[in-house]
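**Student:**
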Amino acid sequence: MPSKGIHVFTYIAARGCSIELSVPGKSVSVNDLHRFHNVALEVESSAIESFFDKRGKFNFKVHQDGHQITEQWIDINALTGNASGGTMENIATTPSIFHGDNLIISYGLYEAGKGHDLLPNRHQCYVTVTPSYAHWIKDVAPPGSEAEKKPFSRLVLPAAHDVGMNSMASSEAVLRKAGGAVVCELIHDSPVLAKLADTLSRDAIGLIAPNIIFSLAITQKDSLEAMLKIGARYFEFRPAHLHNAIANRGALPDRLYFQHSAIPGMAYDAFLKGVVTFLREHPSEIVVVQLRWDGVPEVCKKPSNEEKKKYLDEALREAHGEIVPGNLHDMKHLSIGQLRSDKKRLIMLDSVDSLSTYTDEGNATLDGDSILKALPRVLTPDAQKGKAFVNIQCQATASNIVKAVVYSILEASVTTSCLLATKGLCDSKILPWCRENVVKQCNLDRLVVMMNDFIDGATADVAVDLSRQRLKK
Numbered sequence: 011m012p013s014k015g016i017h018v019f020t021y022i023a024a025r026g027c028s029i030e031l032s033v034p035g036k037s038v039s040v041n042d043l044h045r046f047h048n049v050a051l052e053v054e055s056s057a058i059e060s061f062f063d064k065r066g067k068f069n070f071k072v073h074q075d076g077h078q079i080t081e082q083w084i085d086i087n088a089l090t091g092n093a094s095g096g097t098m099e100n101i102a103t104t105p106s107i108f109h110g111d112n113l114i115i116s117y118g119l120y121e122a123g124k125g126h127d128l129l130p131n132r133h134q135c136y137v138t139v140t141p142s143y144a145h146w147i148k149d150v151a152p153p154g155s156e157a158e159k160k161p162f163s164r165l166v167l168p169a170a171h172d173v174g175m176n177s178m179a180s181s182e183a184v185l186r187k188a189g190g191a192v193v194c195e196l197i198h199d200s201p202v203l204a205k206l207a208d209t210l211s212r213d214a215i216g217l218i219a220p221n222i223i224f225s226l227a228i229t230q231k232d233s234l235e236a237m238l239k240i241g242a243r244y245f246e247f248r249p250a251h252l253h254n255a256i257a258n259r260g261a262l263p264d265r266l267y268f269q270h271s272a273i274p275g276m277a278y279d280a281f282l283k284g285v286v287t288f289l290r291e292h293p294s295e296i297v298v299v300q301l302r303w304d305g306v307p308e309v310c311k312k313p314s315n316e317e318k319k320k321y322l323d324e325a326l327r328e329a330h331g332e333i334v335p336g337n338l339h340d341m342k343h344l345s346i347g348q349l350r351s352d353k354k355r356l357i358m359l360d361s362v363d364s365l366s367t368y369t370d371e372g373n374a375t376l377d378g379d380s381i382l383k384a385l386p387r388v389l390t391p392d393a394q395k396g397k398a399f400v401n402i403q404c405q406a407t408a409s410n411i412v413k414a415v416v417y418s419i420l421e422a423s424v425t426t427s428c429l430l431a432t433k434g435l436c437d438s439k440i441l442p443w444c445r446e447n448v449v450k451q452c453n454l455d456r457l458v459v460m461m462n463d464f465i466d467g468a469t470a471d472v473a474v475d476l477s478r479q480r481l482k483k
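In our numbering, the protein residues as written are 11 to 483.
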């Protein structure tokens, strides 16, 4: 009988919690701590009573100490494969759930539809249940402890890849003011989407503009505050002025924005203000920000040193001297305690040379295997020499695979992202590797960053545990 599959990836790091996964006629419960589970389920048409309506509900429920914390669901048609309705129909409306001050549930759903070529033909869902890591540096290196005397560079920092692309807000403002055709002018700097622009007419691109932006650029779906509470402590930001095609139409105020190629995301002043606000509310935490401009086209003017200083000074003014900026030397040589006592809890880096595990070819994967194979080859002692820190990039970049992008743009909806299609599968392979190998592969004198799309509790939990291990060395 016809059926539609769903592949679910789960991770639990909070005691007393369980995740119940259900489709018509079957239910599976997982409760193991610190274990990456892969569960394959089928919405079977034979298990659905209605003769005409072959939609069956997939849902997950999270319980803690016997009490239900949340239930999320979507209807899946066993005949067509379509997923619709429910609470998980739209990626943009699946933010992490905060239960009190101690529990965070991060989740997401990729709608596979009928499946297409390289992309999965099963729907993909991930669910992580972890403690809040809003003050995890305080927990692993409490003020006054021996751990606080260790170098800050011993830590492993969770990181949100392309933090500034966490919503469609800026892009939607552009589309409302300038129309979808403006996207045609923005995507020629993308090697993949330039081919799309050469194939389709300007009007056609205008009609599917939201799909293009979502498939190409949206890499996060939580607010900055939520990412920090999930545990993120390292961010790369590419601040630049708007592309002329946007600026000339007055679609957005003239200020610095995160630029994903020429697509604008979060405003730089809002980002800095959000980080400073978090640090003031969490006085033992430390955040590292790296400014970069790789991939930003020349037409998007980079800020001058004076402009960068103006933005930073403005953000720090509200801290009234409680926070002062640290630099590369501070990050590499000072202890956690020294950074706290010197008030250097916002470390600002500018185009610093790091050892990144990312390559266009290796990360252009749908199953993560090429990333996994590359990690031990890249993270060698010789390769780490002279580098300011190590950046392990866990995310796959399916947006570099032409066929995957074309499907996401032309045939899928704005709620489906080819980037999200790889999330659960890659995490279930790469995060366990990091947990088992980072301590022995990475130099103790080098800060380590673990970067990921759609930052989640599993990424944070692994990084925090690795930080504890390295602090004991």
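Every residue, glycine too, gets a C-beta built ideally from N, C-alpha and C.
Model, not experiment: these values are computed from the prediction.
(1) Provide the residue span of the alpha helix (DSSP H) that contains Ala257, from first to last.
(2) Applying the criterion that 16 or more other CB atoms from any shown protein chain within 10 Å of the CB defines a buried residue, is Arg248 buried or exposed?
(3) Three-state secondary structure (DSSP) at Ile147?
(4) Expressed to the nearest angstrom, what Euclidean distance is found between the alpha-carbon atoms of His133 and Tyr368?
(5) Identify the residues that DSSP records as bridge partners of His109: which are they?
(6) I'd like the list of long-range same chain contacts for Lys231, defined as Cβ closer than 8 Å, with 5 residues on each side in sequence excluded.
(7) Please report the Cβ distance between Ser361 and Arg290, rounded to the nearest whole angstrom; I am assuming they are in contact, meaning their Cβ atoms lie under 8 Å.
(8) Where does His270 land, buried or exposed, given buried means 16+ other C-beta within 10 angstroms?
(9) Hey, could you find the ends of the alpha helix (DSSP H) Trp443 is sitting in?
(10) Please state the DSSP three-state secondary structure of Ala57.
(11) Pull up the distance between the alpha-carbon of Lys312 and that of His253, whole angstroms please.
(12) Out of Gln74, Asp475, Ile147, Tyr143, point me to the one whose CA is closest to Ile296's CA.
(13) Measure the C-alpha to C-alpha separation of Ala261 and Ala280 and round it to an integer number of angstroms.
(14) Just mark Asn48 as buried or exposed, buried being the case when its beta carbon has 16 or more other beta carbons within 10 Å.
(15) Does the Cβ of Thr334 have 16 or more other Cβ atoms within 10 Å, making it buried, or fewer, making it exposed?
(16) Taking the beta strand (DSSP E) that Asn87 belongs to, which residues open and close that run?
(17) By the three-class DSSP mapping on this structure, what secondary structure does Gln479 have?
(18) Using only the alpha-carbon positions, how far apart do Ala242 and Leu382 sit?
(19) Please name the residue in Tyr120, Asp111, Ile114, Ile79 whose C-alpha comes closest to that of Phe68.
(20) Going by other Cβ atoms of all chains shown within 10 Å of its Cβ, with 16 needed for buried, is Arg327 buried or exposed?
(21) Would you say the segment 373 to 393 touches the segment 433 to 449, given that touching needs at least three Cβ pairs under 8 Å?
(22) Return helix, strand or coil for Leu349, following the three-state DSSP convention.
(23) Please state whether DSSP places Val400 in a helix, a strand or coil.
(24) Do the segment 87 to 97 and the segment 391 to 408 meet, that is, are 3 or more Cβ pairs less than 8 Å apart?
(25) Between which two residues does the beta strand (DSSP E) holding Pro274 run?
(26) So for Lys67, helix, strand or coil by DSSP?
(27) According to DSSP, is Glu291 helix, strand or coil?
(28) Taking the DSSP output, what are the residues bridged to Asp172?
(29) Which residues does DSSP pair with Thr104 in a beta bridge?
(30) Based on the DSSP secondary-structure assignment, which residues constitute the bridge partners of Tyr120?
(31) Excluding five sequence neighbours on each side, which residues of the same chain lie with their C-beta closer than 6 Å to the C-beta of Leu457?
(32) From the DSSP output, in three-state form, read off Ser364 for me.
(33) What's the call for Thr229, buried or exposed, on a 16-neighbour Cβ count within 10 Å?
(34) With the cut-off set at 8 Å, would you say Gly378 and Leu435 are in Cβ contact?
(35) Could you give the DSSP three-state label for Met237: helix, strand or coil?
**Tutor:** Put simply:
(1) The residue you call residue 257 lines up with position 247 of the sequence shown. Its alpha helix (DSSP H) spans residues 254 to 257.
(2) Working through the sequence shown from its first residue, we reach residue 248 at position 238. Buried, since its Cβ has 16 or more Cβ neighbours within 10 Å.
(3) The count along the sequence shown starts at 1 and reaches residue 147 at position 137. Ile147 falls in the helix class under three-state DSSP.
(4) On the sequence shown, position 123 is the one that residue 133 refers to. On the sequence shown, position 358 is the one that residue 368 refers to. Going by the C-alpha atoms only, they are around 26 Å apart.
(5) Taking the sequence shown and counting its residues from 1, one reaches residue 109 at position 99. Leu113, per the DSSP bridge assignment.
(6) For the purposes of this step, residue 231 is taken as residue 221 along the sequence shown, with counting starting at 1. In chain order, Ile101, Ala102, Thr104, Pro105, Gly118, Asn176, Ser177, Phe464 place their CB closer than 8 Å to the CB of Lys231, counting only its own chain and leaving out the 5 sequence neighbours on each side.
(7) As a first step, residue 361 must be located in the sequence shown, where it is residue number 351. As a first step, residue 290 must be located in the sequence shown, where it is residue number 280. Wrong, their Cβ atoms sit about 27 Å apart, outside the cutoff.
(8) One-based indexing of the sequence shown puts residue 270 at position 260. Result: buried.
(9) Your numbering for residue 443 matches position 433 in the sequence shown. Note, Trp443: alpha helix (DSSP H), 433 to 451.
(10) Position 47 of the sequence shown, counted from the first residue, corresponds to residue 57. In the structure shown, Ala57 sits in a helix (DSSP, three-state: H, G or I).
(11) Translated into the one-based positions of the sequence shown, residue 312 becomes position 302. Translated into the one-based positions of the sequence shown, residue 253 becomes position 243. Going by the C-alpha atoms only, they are around 11 Å apart.
(12) Here the question's residue 296 lines up with position 286 in the sequence shown. Out of Gln74, Asp475, Ile147, Tyr143, Ile147 has the C-alpha closest to the C-alpha of Ile296.
(13) What you label residue 261 is simply residue 251 of the sequence shown in a count that begins at 1. What you label residue 280 is simply residue 270 of the sequence shown in a count that begins at 1. Each residue's alpha carbon lies about 18 Å from the other.
(14) The residue you call residue 48 lines up with position 38 of the sequence shown. Note on Asn48: under 16 other CB atoms within 10 angstroms of its CB, so exposed under the neighbour-count rule.
(15) Start at 1 with the first residue of the sequence shown, and residue 334 comes out as number 324. Checking the sequence, you will find Val at residue 334 rather than Thr. Answer is exposed; the Cβ neighbour count stays below 16.
(16) For the purposes of this step, residue 87 is identified with residue 77 of the sequence shown, where counting begins at 1. Looking at the DSSP string, the run of the beta strand (DSSP E) that includes Asn87 is 77 to 87.
(17) Residue numbering aside, residue 479 sits at position 469 when the sequence shown is read from its first letter. DSSP places Gln479 in helix when its eight states are reduced to three.
(18) The residue labelled residue 242 in the question sits at position 232 within the sequence shown. The residue labelled residue 382 in the question sits at position 372 within the sequence shown. One Cα belongs to Ala242, the other to Leu382, and the distance between them is close to 22 Å.
(19) The residue you call residue 68 lines up with position 58 of the sequence shown. Comparing Cα-Cα distances from Phe68 to each of Tyr120, Asp111, Ile114, Ile79, the minimum goes to Tyr120.
(20) Taking the first residue of the sequence shown as position 1, residue 327 is located at position 317. Its Cβ having fewer than 16 others within 10 Å, Arg327 is exposed.
(21) yes
(22) Within the sequence shown, numbered from 1, the residue matching residue 349 stands at position 339. When secondary structure is reduced to three states using DSSP, Leu349 falls in the helix class.
(23) Within the sequence shown, numbered from 1, the residue matching residue 400 stands at position 390. Strand, per DSSP.
(24) no
(25) Numbered from its first residue, the sequence shown carries residue 274 at position 264. Element bounds for Pro274: 273 to 277.
(26) Mapped onto the sequence shown, residue 67 falls at position 57. Strand.
(27) Your numbering for residue 291 matches position 281 in the sequence shown. Helix, per DSSP.
(28) The sequence position of residue 172 within the sequence shown is 162, counting from 1. Asp172 is not bridged to any residue.
(29) Along the sequence shown, read from residue 1 onward, the residue named residue 104 stands at position 94. Its beta-bridge partners do not exist; DSSP assigns none.
(30) Reading the sequence shown from its first residue, position 110 is the one you call residue 120. In the DSSP output, where bridge partners are listed per residue, Tyr120 has Gln134.
(31) Walking along the sequence shown from the start, residue 457 turns up at place 447. Hits under 6 Å: Ser163, Phe399.
(32) Residue mapping note: residue 364 aligns to position 354 of the sequence shown, counting from 1. Taken through DSSP and simplified to helix, strand or coil, Ser364 comes out as coil.
(33) Residue 229 sits at position 219 when you count from the first residue of the sequence shown. By the neighbour-count rule (16 or more Cβ atoms within 10 Å), Thr229 is buried.
(34) Within the sequence shown, numbered from 1, the residue matching residue 378 stands at position 368. Within the sequence shown, numbered from 1, the residue matching residue 435 stands at position 425. Against a cut-off of 8 Å, the Cβ pair of Leu435 and Gly378 comes out as a contact.
(35) The sequence position of residue 237 within the sequence shown is 227, counting from 1. Helix at Met237.
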